[in-house]
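Residue numbers (our numbering), protein chains in the order written: chain V, 3 to 213; chain H, 3 to 213.
Protein chains: 2
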Amino acid sequence: MPDPSPSSRAKLLDVAEQLFASRGYAAIGVSAVAGAAGLGKSSLFHHFPSKADLYATVLVRVVERIEGQVLPALVAIGDPAHTLDRVVAAIIDVLAEHPTSARLLLRSVFEDDDEDVIAASAASGVNERIAAILDKVSAVIEDGVAAGVFRPVSVPDLLQTVVGATVFHFASGDFGEALFRAPIFSAEAIARRKRELQILLQQGLAPAVRP
Amino acid sequence: MPDPSPSSRAKLLDVAEQLFASRGYAAIGVSAVAGAAGLGKSSLFHHFPSKADLYATVLVRVVERIEGQVLPALVAIGDPAHTLDRVVAAIIDVLAEHPTSARLLLRSVFEDDDEDVIAASAASGVNERIAAILDKVSAVIEDGVAAGVFRPVSVPDLLQTVVGATVFHFASGDFGEALFRAPIFSAEAIARRKRELQILLQQGLAPAVRP
DNA sequence: ACCTTACCCGACCGATCGGTCGGTCAGCAA
DNA sequence: TTGCTGACCGACCGATCGGTCGGGTAAGGT
Numbered sequence: 003m004p005d006p007s008p009s010s011r012a013k014l015l016d017v018a019e020q021l022f023a024s025r026g027y028a029a030i031g032v033s034a035v036a037g038a039a040g041l042g043k044s045s046l047f048h049h050f051p052s053k054a055d056l057y058a059t060v061l062v063r064v065v066e067r068i069e070g071q072v073l074p075a076l077v078a079i080g081d082p083a084h085t086l087d088r089v090v091a092a093i094i095d096v097l098a099e100h101p102t103s104a105r106l107l108l109r110s111v112f113e114d115d116d117e118d119v120i121a122a123s124a125a126s127g128v129n130e131r132i133a134a135i136l137d138k139v140s141a142v143i144e145d146g147v148a149a150g151v152f153r154p155v156s157v158p159d160l161l162q163t164v165v166g167a168t169v170f171h172f173a174s175g176d177f178g179e180a181l182f183r184a185p186i187f188s189a190e191a192i193a194r195r196k197r198e199l200q201i202l203l204q205q206g207l208a209p210a211v212r213p
Numbered sequence: 003m004p005d006p007s008p009s010s011r012a013k014l015l016d017v018a019e020q021l022f023a024s025r026g027y028a029a030i031g032v033s034a035v036a037g038a039a040g041l042g043k044s045s046l047f048h049h050f051p052s053k054a055d056l057y058a059t060v061l062v063r064v065v066e067r068i069e070g071q072v073l074p075a076l077v078a079i080g081d082p083a084h085t086l087d088r089v090v091a092a093i094i095d096v097l098a099e100h101p102t103s104a105r106l107l108l109r110s111v112f113e114d115d116d117e118d119v120i121a122a123s124a125a126s127g128v129n130e131r132i133a134a135i136l137d138k139v140s141a142v143i144e145d146g147v148a149a150g151v152f153r154p155v156s157v158p159d160l161l162q163t164v165v166g167a168t169v170f171h172f173a174s175g176d177f178g179e180a181l182f183r184a185p186i187f188s189a190e191a192i193a194r195r196k197r198e199l200q201i202l203l204q205q206g207l208a209p210a211v212r213p
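What follows is the structure in structure tokens.
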């Protein structure tokens with residue numbers, strides 16, 4: 003019991019985020035969510051009009067957290083190489099802060115969901131907000147290529163690689179921990195992940211030295 | 003209609019792979035699978051003892067396809083840099099060949115599934131077979147570091163990056179296609195993906211030039 | 001002709017799904 | 001006290017879930 007009275011609605015959002023992240027939308031029933039929040043199923047429908055709406059609200063919360071941490075890193079200060087470093091660090095930080103974020107994002111990306119779910123999440127505009135962030139990251143890479151601090155690359159490919167290397171990593175859960183034989187979300191693991199990815203990108207994107 | 007009479011059982015596996023990949027285990031009912039295969043629900047249970055067993059069988063088929071293509075690339079011929087190139091190409095080829103593979107893999111990795119599903123897939127040993135492949139990839143990287151053709155890296159981190167950059171990419175579906183504004187599984191897109199990732203890795207892993 | 005076997009189906013089972021409904025209860029303003 | 005309101009719940013709804021059962025049908029062996 004961490005909080006005395008987290009307003010029930012917030013508690014529902016918390017447990018729903020946790021449950022949806024671990025087992026997916028279809029596998030989690032509304033009574034399971036309500037029960038985990040210490041409420042009856044009917045009380046859940048007092049706070050949210052439908053299961054799909056609850057899920058969409060959870061997604062919006064996650065996207066807002068990401069925006070709050072990644073957008074500040076995207077203001078163009080310093081050369082694109084430093085900006086990219088900051089962005090990668092920000093993405094890793096925000097995904098590491100809430101272990102559920104990466105999984106939820108991953109699911110929302112490649113889950114051809116239930117019809118009312120895609121309707122609800124489309125109405126909340128989460129996809130567009132994610133796309134907006136990625137567009138800005140693309141712009142940073144393009145700037146770097148144009149300025150000659152990065153070698154020419156396929157920007158969408160690099161973006162996919164960065165997203166895969168960050169989101170997938172923190173979404174990998176038991177699989178990742180089995181691979182590392184150590185926790186993924188420890189402070190050292192997070193710092194190492196940041197360092198390894200930044201070095202790989204900086205060195206892998208360096209322009210060819212012209213003799 | 004590719005095949006005149008694919009033995010019903012194979013047809014069931016095909017449509018189940020497609021459906022499970024697109025919407026996940028919990029979201030797909032057995033009657034939907036059977037119906038898509040042109041059969042009644044009862045007929046599905048004539049071929050498979052349970053839904054979980056059907057899913058596990060689908061997973062095994064996917065893992066076998068991957069083994070068949072990636073393991074040959076892992077025989078140590080040439081230096082580790084070339085081997086890694088071959089492995090990356092093999093992974094991309096096998097994931098691109100069947101658009102369902104990457105999604106199924108991703109789900110099996112981070113889906114804290116239903117209890118009988120984890121039991122069935124544990125009995126089929128798919129996790130161990132995936133782990134065995136990744137262990138061999140790890141060995142290649144370690145050899146490269148030991149031989150000095152790669153700079154020192156955190157091997158699990160690099161492995162996570164490679165898996166994320168390949169599996170996530172081909173599992174991203176509509177999201178990825180929206181990002182590229184072009185199909186992901188076209189021959190050109192696959193070739194480009196291969197090239198971009200190989201260059202990024204080779205250059206990013208090159209040891210520092212000693213003055 | 002008979003029996004077996006493989007394959008398939010419709011009807012049905014209990015459980016659970018998302019969601020509704022009527023109503024209880026505490027707090028608060030008048 | 002009275003009346004109202006937001007939070008909450010138990011009981012219930014039709015639909016669908018995974019799975020069972022008995023029976024039907026065609027092929028093949030003897």
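Ideal placement from N, C-alpha and C gives every residue a C-beta, glycine not left out.
Distance check between Thr163/V and each of Val90/V, Phe182/V, Asp176/V places Val90/V closest, using alpha-carbon atoms only. Assignment of Ala184/H by DSSP, reduced to helix, strand and coil, places it in the coil class. Here Ala133/H is exposed, its C-beta having fewer than 16 other C-beta atoms within 10 Å. Shown here, Arg25/H sits in a helix according to DSSP, grouped into three states. Arg105, Leu108, Val111, Phe112, Glu113, Asp114, Asp115, Asp116: these are the residues of the segment 99-116 of chain V whose beta carbon lies less than 8 Å from some beta carbon of chain H, given in chain order. Ile79/H sits exposed, since fewer than 16 C-beta atoms from the chains shown fall within 10 Å of its C-beta. Taking C-beta atoms under 8 Å as the contact rule, Leu136/V and Leu161/V qualify, at a distance of about 6 Å. In the assembly as shown, His49/V is a buried residue. Its beta-carbon has 16 or more other beta-carbons within 10 Å.
Secondary structure of Leu136/V (DSSP, three-state): helix. The alpha carbon of Ala12/H has as its nearest neighbour, out of Phe170/H, Val60/H, Arg183/H, the alpha carbon of Val60/H.
Apart from sequence neighbours up to five positions away, the residues of its chain that approach Lys196/H with a beta-carbon distance below 6 Å are Ala91, Ile94, ordered along the chain. Within chain V, the residues Gly178, Leu181, Phe182, Arg183, Ala184 have their CB atoms less than 9 Å from the CB of Pro158/H, given in chain order. In the structure shown, Ala122/H falls within a helical segment according to DSSP collapsed to helix, strand and coil.
Close CB contacts of Ala38/V within its chain, under the 7 Å cut and outside five residues either way in sequence, are with Val17, Leu21 (chain order).
Taking 8 Å as the cut-off, the Cβ atoms of Asp81/H and Ala125/H do not count as close.
Residues of chain V whose Cβ lies closer than 7 Å to the Cβ of His171/H are, in chain order, Gln162, Gly166. Using a Cβ-Cβ cut-off of 8 Å, Gly127/H does not count as an interface residue toward chain V, since no Cβ of chain V sits closer than that to its own. The straight-line gap separating the alpha-carbon atoms of Ala75/H and Val62/V is approximately 43 Å. For Phe152/H, there is no enclosing alpha helix (DSSP H), as DSSP marks it with neither H nor E. Distances from the alpha-carbon of Asn129/H to those of Ala122/V, Leu181/V, Leu106/V, Ser33/V put Leu181/V closest. For Leu136/V, the nearest beta carbon of chain H is closer than 8 Å to its own beta carbon. One Cα belongs to Pro209/V, the other to Glu190/V, and the distance between them is close to 31 Å. Annotation: Thr168/V to Phe177/V spans about 15 Å, alpha carbon to alpha carbon. Each of Ala83/V, Leu203/V, Pro101/V, Gly40/V was checked against the Cα of Ile68/V, and the nearest Cα belongs to Pro101/V. Chain order gives no chain V residues near Gly31/H, where near means a beta carbon separation below 7 Å; the closest approach is about 10 Å. By a beta-carbon distance limit of 8 Å, Leu46/H contacts Val35/H. Their separation comes to about 6 Å. Out of Ser9/V, Val119/V, Leu199/V, the CA that lies nearest to the CA of Arg25/H is found in Val119/V. Interface criterion not met: the Cβ of Val139/V is under 8 Å from no Cβ in chain H. Contact between Leu207/H and Arg153/H holds: CB atoms are separated by about 6 Å, below the 8 Å threshold. For Ser33/H and Val165/H, the gap between their C-alpha atoms comes out near 34 Å.
At a cut-off of 8 Å between beta carbons, Glu190/V makes no contact with chain H. Shown in chain order are the members of the segment 14-28 of chain H whose Cβ falls below 8 Å from a Cβ of chain V: Ser24, Arg25, Gly26, Tyr27, Ala28.
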